[in-house]
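Numbered per the numbering used here, the sequence shown spans residues 2 to 94.
Here the structure is laid out as structure tokens; the discussion comes afterwards.
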Amino acid sequence: MRKLDKEMMKVEREFKKIDSEYKKLMASVPNIYSPDTPVGLDERANREIYRWGEIPRFDFPIKDHIQLGKELDLIDLERGAKTSGFRGYYLKN
2 MRKLDKEMMK VEREFKKIDS EYKKLMASVP NIYSPDTPVG LDERANREIY
52 RWGEIPRFDF PIKDHIQLGK ELDLIDLERG AKTSGFRGYY LKN
């Protein structure tokens with residue numbers, strides 16, 4: 002049994018080493034994108050390809066999910082940004 006335990010420990014060490022190298026290599030491989038993806042420096046380069054359905058019209062100012070989350074006390078953007086950076090948030094309640 003001791004021989005099996007030693008062999009298992011050896012295999013686990015080797016696996017951790019290989020797994021670490023694999024993760025390092027995978028992190029260096031870029032995502033494959035579609036050839037028709039617009040090239041640009043930021044979100045302003047995005048373009049609308051199609052729309053699904055009709056855009057509804059309201060007789061009151063429309064609020065986005067950030068405004069609604071703040072008003073309903075559902076999200077904490079300030080603390081989320083401190084821990085995760087810009088666009089980070091915590092869900093509350």
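Glycine is no exception: its CB is placed at the ideal position from the N, C-alpha and C atoms.
Note that this is a predicted model, so its numbers are computed, not measured.
Cβ separation of residue i and residue j, assumed to be a contact under 8 Å, to the nearest whole Å
i     : j     : result
Asp77 : Tyr90 : 6 Å
Beta-carbon proximity of residue i to residue j, cut-off 8 Å
i     : j     : result
Asn47 : Pro36 : no
Three-state class that DSSP yields for residue i in the structure shown
i     : result
Asp20 : helix
Asp77 : strand
Leu26 : helix
Ser69 : Note that residue 69 is Leu in the sequence shown, not Ser. Helix.
Leu42 : coil
Residue i versus residue j - alpha carbon distance
i     : j     : result
Asn94 : Leu5  : 50 Å
Arg80 : Met27 : 31 Å
Glu22 : Glu8  : 21 Å
Asn32 : Gly41 : 16 Å
Lys11 : Lys24 : 20 Å
Ala1  : Pro62 : No statement about residue 1 is possible, as the shown extent of the chain runs from 2 to 94 and does not include it.
Pro57 : Tyr51 : 16 Å
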